[in-house]
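Residue numbers (our numbering): 821 to 935.
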């Protein structure tokens with residue numbers, strides 16, 4: 821049982837890492853669960869299960885977290901405007917981006933850029 825359990829965990833970890841890599845490389849794209857499943861040839865239930873077991877989060881939360889971390893990086897290392905950073909990270913609406921960024925990082929994108 822232990823051997824089989826370890827093999828299942830390894831398979832989930834490899835699957836989650838494949839999905840996570842795809843997400844990190846395609847932040848500008850539509851990364852809805854439906855599109856991720858279609859692009860990676862996975863069922864929704866498999867995707868949900870992989871993230872639940874391998875990352876202890878949902879795919880949607882992971883996408884948002886990756887986008888916000890990338891936005892923080894771009895804001896602090898480039899001269900790009902807040903709206904350009906939002907677009908590069910997959911946020912179509914700069915106002916929504918600002919709200920989500922503030923709730924995640926505790927400051928606005930403009931404040932992050934200044935600091």
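For each residue, glycine too, the CB sits at the ideal point set by N, CA and C.
- Any idea what DSSP makes of residue 909, helix, strand or coil? Judged by DSSP in its simplified three-state form, residue 909 adopts coil rather than helix or strand.
- Message: Shorter than 6 Å, the distance from the beta carbon of residue 851 to the closest heavy atom of the ligand ADP, or not?
- Response: Among the components modelled here there is no ligand, and therefore nothing to report on the ligand ADP.
- Task: Could you check the C-alpha separation between residue 901 and residue 895 for me, to the nearest Å?
- Result: Between the C-alpha atoms of residue 901 and residue 895 there is a straight-line separation of about 8 Å.
- Item | residue 877, DSSP secondary structure in three states | Note: residue 877 maps to coil in three-state DSSP.
- For residue 904, which three-state DSSP category applies? If DSSP states are grouped into helix, strand and coil, residue 904 belongs with the helices.
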